[in-house]
Amino acid sequence: MEHIEEAGIHSGDSSCSLPPYTLSDGLIAEITDATVRLARSLEVVGLMNIQFAVRGPSLYVLEVNPRASRTVPFVSKAIGVPLAKLAARVMLGAKLADLGFTQAVVPDYFSVKAPVFPFNKFPGVDTLLGPEMKSTGEVMGIDSNFGAAFAKAQIGAGVHLPDMRSTEPGTVFLSVRDEDKRHIVSLAGKLQDLGFKLLATSGTARALNNSGITAERVFKIHEGRPHVLDLIKNNQVTLIVNTPSGRLERSDDRLIRSAAVALKVPCITTLAGAAATVQALSWLRKRPLDVTPLQEHHARLRAAARVER
Numbered sequence: 050m051e052h053i054e055e056a057g058i059h060s061g062d063s064s065c066s067l068p069p070y071t072l073s074d075g076l077i078a079e080i081t082d083a084t085v086r087l088a089r090s091l092e093v094v095g096l097m098n099i100q101f102a103v104r105g106p107s108l109y110v111l112e113v114n115p116r117a118s119r120t121v122p123f124v125s126k127a128i129g130v131p132l133a134k135l136a137a138r139v140m141l142g143a144k145l146a147d148l149g150f151t152q153a154v155v156p157d158y159f160s161v162k163a164p165v166f167p168f169n170k171f172p173g174v175d176t177l178l179g180p181e182m183k184s185t186g187e188v189m190g191i192d193s194n195f196g197a198a199f200a201k202a203q204i205g206a207g208v209h210l211p212d213m214r215s216t217e218p219g220t221v222f223l224s225v226r227d228e229d230k231r232h233i234v235s236l237a238g239k240l241q242d243l244g245f246k247l248l249a250t251s252g253t254a255r256a257l258n259n260s261g262i263t264a265e266r267v268f269k270i271h272e273g274r275p276h277v278l279d280l281i282k283n284n285q286v287t288l289i290v291n292t293p294s295g296r297l298e299r300s301d302d303r304l305i306r307s308a309a310v311a312l313k314v315p316c317i318t319t320l321a322g323a324a325a326t327v328q329a330l331s332w333l334r335k336r337p338l339d340v341t342p343l344q345e346h347h348a349r350l351r352a353a354a355r356v357e358r
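Here my numbering = 1-based position in the sequence shown + 49.
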C-alpha cells in the first residue's frame with residue numbers, strides 16, 4: 050500500500066491506496082524483494098508490518114514489526130483473502146500451499162483507506178496532522194479509477210467535497226509555506242480549470258499570479274478585515290488548502306482549521322492530500338460515482354487467479 054500523506058504523519062492518520070497509485074513497477078519490485086529478505090532474515094512466521102520511505106531513488110526502512118497491524122482487515126477486505134485467519138493457521142504449522150495461498154493478489158481496482166477524525170466533537174482542536182495519531186476509525190472506497198476511489202473514501206469519512214455538478218463549484222482558499230509554493234502552482238491551475246475561484250494569502254497569491262494563475266489576495270487574520278476567517282464564516286469558501294507556516298501564521302492557521310471543522314469546510318494540510326483531492330474532484334466533474342458490490346470485485350479476482358494457474 051502507498052500512503053498518500055508523506056512520512057512524518059502517523060500511518061493511522063494517513064490515507065493510503067492499494068495497490069500503489071504513483072510508485073513505479075521497478076520500485077514496487079524493490080520493495081517486494083526487501084520485504085521477502087527481511088522476513089526470511091528475521092524468520093517471521095505469520096504476519097509482519099513494514100513501513101518504507103522513498104526519497105529520490107533510495108528506499109529506506111522506517112520500521113519492521115513481527116505482528117499484525119490494524120491495516121490487516123483493510124487489506125483482507127480489499128483483496129478478498131482472510132489474512133489474519135491464514136496467518137494464525139501458518140503459525141500453528143500449516144503450509145501456505147495447503148491453504149491455497151501462494152500468489153500475491155494484485156487487484157485491478159484501487160482500494161483507498163481514509164481515516165475518520167473526531168474533530169467535530171472537540172471544538173477548537175487543531176486538525177493539523179503529525180506523528181501523534183488522532184483518528185478514531187477508517188473507511189474504504191473502491192473503484193477502478195484512483196480519483197473515484199479517493200472521492201468515495203472521503204465521502205465515507207464525512208468530508209463534504211464541493212458539488213462538482215455545478216458550473217461554479219465554489220472558492221478555494223490557498224495558503225502554503227514557502228517550500229510548497231512552487232508545488233502549489235500546478236494544483237492551483239487544475240483547480241482553476243475545474244471552475245473554482247482562487248483566494249490566497251499574499252505570498253501564495255504572488256507565486257500564483259507570477260505563474261499566470263489568477264488568485265485574489267485575501268488578508269491573513271492579523272493583517273486586517275475582512276480576512277480569510279470572515280470569508281469562511283460567511284460560507285464564501287468551499288475548500289481550504291493550508292500547509293503549516295511560521296510562528297505568526299501558525300496562530301492564524303490554527304484558527305482557520307478550527308473554523309473549517311466547525312463549518313464543515315474540507316481543509317487539507319498536505320500537498321499530497323491536495324493532489325489526491327484534485328484527482329477526486331476531476332473525476333466527479335466528469336461523471337457521478339457508481340456502486341459495485343464488494344463481492345463482484347472479489348469474484349473477478351478469484352476468476353483471474355484461476356486463469357493464471
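All C-beta atoms in this analysis are idealised placements derived from N, C-alpha and C, irrespective of residue type, glycine included. Just so you know, these numbers come straight off a predicted model, no measurement behind them.
Contact under 8 Å by Cβ, Ser307 with Val174: On the sequence shown, residue 307 is found 258 positions in, with the first residue counted as 1. On the sequence shown, residue 174 is found 125 positions in, with the first residue counted as 1. Cβ distance < 8 Å, so Ser307 and Val174 count as in contact.
Please go through the same chain and pick out, in chain order, the residues whose beta-carbon is closer than 7 Å to the beta-carbon of Val93, but skip the five residues on each side of it. To locate residue 93, count along the sequence shown from 1; it is residue 44. Result list for Val93: Pro115, in chain order.
What did DSSP end up calling Glu30 once you bin it into helix, strand or coil? Given a span of 50 to 358 for the chain in the structure shown, any question on residue 30 remains unanswerable.
Nearest candidate by alpha-carbon position, reference Val327, set Gly179, Ala117, Ala200, Lys134: Counted from its first residue, the sequence shown places residue 327 at position 278. Nearest of Gly179, Ala117, Ala200, Lys134 to Val327, Cα basis: Ala200.
Beta-carbon proximity check, Ala309 vs Ile289, cutoff 8 Å: In the sequence shown, the residue the question calls residue 309 occupies position 260. In the sequence shown, the residue the question calls residue 289 occupies position 240. Yes. Within cutoff.
Tell me the rounded alpha-carbon separation between Ala311 and Thr176. In the sequence shown, the residue the question calls residue 311 occupies position 262. In the sequence shown, the residue the question calls residue 176 occupies position 127. Going by the C-alpha atoms only, they are around 11 Å apart.
What's the gap between the Cα of Gly244 and the Cα of Asn259? For this step, residue 244 is matched to residue 195 along the sequence shown. For this step, residue 259 is matched to residue 210 along the sequence shown. The straight-line gap from Cα to Cα measures roughly 20 Å.
Nonlocal neighbours in the same chain, by C-beta distance under 7 Å from Glu361, ignoring five residues either side: Here the chain has residues from 50 to 358 only, and residue 361 is not among them.
Where Val310 falls: helix, strand or coil (DSSP): Position 261 of the sequence shown, counting from 1, holds the residue named residue 310. Helix, per DSSP.
Does DSSP put Met140 in a helix, a strand or coil? The residue labelled residue 140 in the question sits at position 91 within the sequence shown. Here Met140 sits in helix by DSSP.
Counting along the chain, where does the beta strand (DSSP E) carrying Leu236 start and finish? Walking along the sequence shown from the start, residue 236 turns up at place 187. Where Leu236 is concerned, there is no enclosing beta strand (DSSP E), although the alpha helix (DSSP H) it sits in stretches over 230 to 242.
Who does Asp192 pair with in a DSSP beta bridge? Residue mapping note: residue 192 aligns to position 143 of the sequence shown, counting from 1. Answer by DSSP bridge pairing, in chain order: Phe159.
Am I right that Ser184 and Asp62 are in contact with their C-beta atoms under 8 Å? What's the rounded C-beta distance? Along the sequence shown, read from residue 1 onward, the residue named residue 184 stands at position 135. Along the sequence shown, read from residue 1 onward, the residue named residue 62 stands at position 13. Indeed they touch by this definition, with Cβ atoms about 5 Å apart.
Apart from the five residues on each side of it in sequence, which residues of its chain come closer than 7 Å, Cβ to Cβ, to Val130? Locating residue 130 in the sequence shown gives position 81, where the first residue counts as 1. Excluding sequence positions up to five before and after Val130, its CB lies within less than 7 Å of the CB of Phe150, Val154, all in the same chain and listed in chain order.
At which residue ranges does the stretch 269 to 296 contain complete beta strand (DSSP E) runs of 3 or more residues, listed in the order of the chain? 288 to 291
Whole-angstrom distance between Val208 and Lys162, CA atom to CA atom: By one-based count along the sequence shown, residue 162 stands at place 113. By one-based count along the sequence shown, residue 208 stands at place 159. C-alpha separation (whole angstroms): 13 Å.
Is the stretch 313 to 332 touching the stretch 181 to 198, taking contact as three or more C-beta pairs under 8 Å? yes
Quick check: the Cα distance between Glu55 and Pro337, rounded to an integer number of angstroms? The count along the sequence shown starts at 1 and reaches residue 55 at position 6. The count along the sequence shown starts at 1 and reaches residue 337 at position 288. The alpha-carbon atoms of Glu55 and Pro337 are separated by roughly 29 Å.
Just to check my reading of the structure: Pro156 and Pro68 have Cβ atoms closer than 8 Å, yes? What is that Cβ distance to the nearest angstrom? Start at 1 with the first residue of the sequence shown, and residue 156 comes out as number 107. Start at 1 with the first residue of the sequence shown, and residue 68 comes out as number 19. That belief holds up - the Cβ atoms of Pro156 and Pro68 are roughly 6 Å apart, short of 8 Å.
On the DSSP bridge assignment, give the partners of Leu108 in chain order. The sequence position of residue 108 within the sequence shown is 59, counting from 1. The partner list for Leu108 (beta bridge, DSSP) reads Val103.
Residues bridged to Ile317 (per DSSP): The sequence position of residue 317 within the sequence shown is 268, counting from 1. Looking at the DSSP assignment, Ile317 forms a beta bridge with Val290.
Cα-Cα separation between Leu96 and His271, rounded to whole angstroms: As a working note, residue 96 is residue 47 in the sequence shown. As a working note, residue 271 is residue 222 in the sequence shown. Taking the straight line joining both Cα atoms gives about 51 Å.
Cβ neighbours of Glu112 in the same chain (closer than 6 Å, five flanking residues each side left out): Residue numbering aside, residue 112 sits at position 63 when the sequence shown is read from its first letter. So the list reads Gln100, once near-sequence residues are dropped.
Express the C-alpha separation of Ser160 and Val124 in angstroms, rounding to a whole number. For the purposes of this step, residue 124 is taken as residue 75 along the sequence shown, with counting starting at 1. For the purposes of this step, residue 160 is taken as residue 111 along the sequence shown, with counting starting at 1. The straight-line gap from Cα to Cα measures roughly 9 Å.
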